[in-house]
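Residue numbers for the sequence shown follow the working numbering, so the first one is -15 and each next one is one higher.
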Amino acid sequence: MMEKKKRATPWKPGKVISISLRNGVYILAQMVRDPYLVFFNHFNEENNWKGVTLKEEDILFCKAVTRQFLRYSPVAIVKEVTPLLDYELPKEWIYSHIGGHPITVSVKGRERQLAGFGRRCSLVLADKDSGLPEDNPLMGLFQSYIISDIKSYIISDIKEQDWDRVGQAELMSIEVFPTLNERLYLCFLYGKNINPEQDISLGKPLPDDYETYIDILTNSPEARRLYLGEHEE
-15 MMEKKKRATP WKPGKVISIS LRNGVYILAQ MVRDPYLVFF NHFNEENNWK GVTLKEEDIL
45 FCKAVTRQFL RYSPVAIVKE VTPLLDYELP KEWIYSHIGG HPITVSVKGR ERQLAGFGRR
105 CSLVLADKDS GLPEDNPLMG LFQSYIISDI KSYIISDIKE QDWDRVGQAE LMSIEVFPTL
165 NERLYLCFLY GKNINPEQDI SLGKPLPDDY ETYIDILTNS PEARRLYLGE HEE
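1. Just tell me which of 184, 66, 173 and 47 has its CA closest to the CA of residue 75.
2. Using CA atoms only, rank isn't needed, just tell me which of 2, 50 and 99 is closest to residue 38.
3. Which residues mark the beginning and the end of the alpha helix (DSSP H) in which residue -3 is found?
4. Any idea if residue 63 is buried or exposed, counting beta-carbon neighbours within 10 angstroms, 16 or more meaning buried?
5. What first and last residue would you give for the beta strand (DSSP E) that runs through residue 137?
6. Throw me the rounded Cβ distance for the residue 219 and residue 204 pair, which I believe falls under 8 Å.
7. Classify residue 48 as helix, strand or coil using the three-state DSSP reduction.
8. Are the beta-carbon atoms of residue 11 and residue 161 separated by less than 8 Å?
9. Indicate the three-state DSSP secondary structure (helix, strand or coil) for residue 202 in the structure shown.
10. Which residue wins for smallest C-alpha separation from residue 105, given the options 84, 36 and 68?
11. Determine, using beta-carbon pairs with one atom in the region 94 to 108 and one in the region 139 to 153, whether at least three such pairs fall under 8 Å.
12. With respect to the beta strand (DSSP E) encompassing residue 157, which residues constitute its N-terminal and C-terminal limits?
13. Figure out for me which residue from 212, 53 and 81 has the closest Cα to the Cα of residue 142.
14. When DSSP builds the beta bridges, which residues end up paired with residue 65?
15. At what residues does the alpha helix (DSSP H) containing residue 180 begin and finish?
16. Residue 201 and residue 163: beta carbons closer than 8 Å?
17. Just the C-alpha distance for residue 77 and residue 153, rounded to the nearest angstrom, thanks.
18. Locate the beta strand (DSSP E) running through residue 100, then write down its first and last residues.
19. For residue 145, name the three-state secondary structure that DSSP assigns.
20. Taking the DSSP output, what are the residues bridged to residue 79?
21. Taking C-beta to C-beta, are residue 113 and residue -9 nearer than 8 Å?
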């Protein structure tokens, strides 16, 4: 069960933090340009990071997060680990266009319907380090400059044959608790970057291990019990 804190951990670029996931697992992350966190493939069950060195090759992914994520997630500042210097945000992102549609997913033979954003997904170039208003992470949801600038497109409509090409690209969305927490736990289970959001958006087959992630998206009682400690009367 995760308990809400009074306020989010203050943001400071270069601050290294650990995040407690479920089942006693911790992960290392670093604050970069607000509101982006870089998550590393460093997990342990003791929250002891002595001797750990942060390297680019150990990055799982970089994602914009809400203050809600930092407020609800058990976060601790890690002073004994030196931050990764001169990190640049990714330049390739997946843009889901304005609009919405229902998505039917199947996990463990059970079909459920989710709310999907956008009518299609495009792989685009976007400089999130530019400081320009149009490169604000919020504009990932409403980014008209990408629609009008064909030069920004790498792949205008991602299809199955493009899945390998877009493999490590993140959607232009802002992550929240507890979907991001569950994604990080899946990364721990698999020992690599796992991206349920992308898999769902692109219509990929979903493994059984995504069951809890889907429970969260559908606001199931199981997810509320696991992450919020709520119980049905």
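Every residue gets a Cβ at the ideal spot worked out from N, C-alpha and C, and that includes glycine.
On the basis of the supplied data:
1. Comparing Cα-Cα distances from residue 75 to each of 184, 66, 173 and 47, the minimum goes to 47.
2. Minimum Cα distance to residue 38 is reached at 2.
3. Boundaries cannot be given for residue -3, as no alpha helix (DSSP H) includes it and DSSP labels it neither H nor E.
4. By the 10 Å Cβ count, residue 63 comes out exposed.
5. Here the beta strand (DSSP E) through residue 137 covers 137 to 139.
6. Not covered by the structure: residue 219. The range shown for the chain is -15 to 217.
7. Looking at residue 48 - three-state DSSP - the assignment turns out to be strand.
8. No, Cβ-Cβ distance for residue 11 and residue 161 is not below 8 Å.
9. Reduced to three states, the DSSP call for residue 202 is coil.
10. Comparing Cα positions, the closest option is 84.
11. Contact holds between the region 94 to 108 and the region 139 to 153, because three or more Cβ pairs, one in each stretch, are under 8 Å apart.
12. Run containing residue 157: none; DSSP gives neither H nor E here.
13. Out of 212, 53 and 81, the CA that lies nearest to the CA of residue 142 is found in 81.
14. Partner(s): none; residue 65 has no beta bridge.
15. That run of the alpha helix (DSSP H) goes 180 to 185.
16. Residue 163 is positioned such that its CB atom lies closer than 8 Å to that of residue 201.
17. For residue 77 and residue 153, the distance between alpha carbons rounds to 5 Å.
18. Here the beta strand (DSSP E) through residue 100 covers 94 to 101.
19. In this structure, residue 145 counts as helix in the three-state DSSP scheme.
20. The bridge partners DSSP lists for residue 79 are 106.
21. Here residue 113 is not near residue -9, since their CB atoms are 8 Å or more apart.
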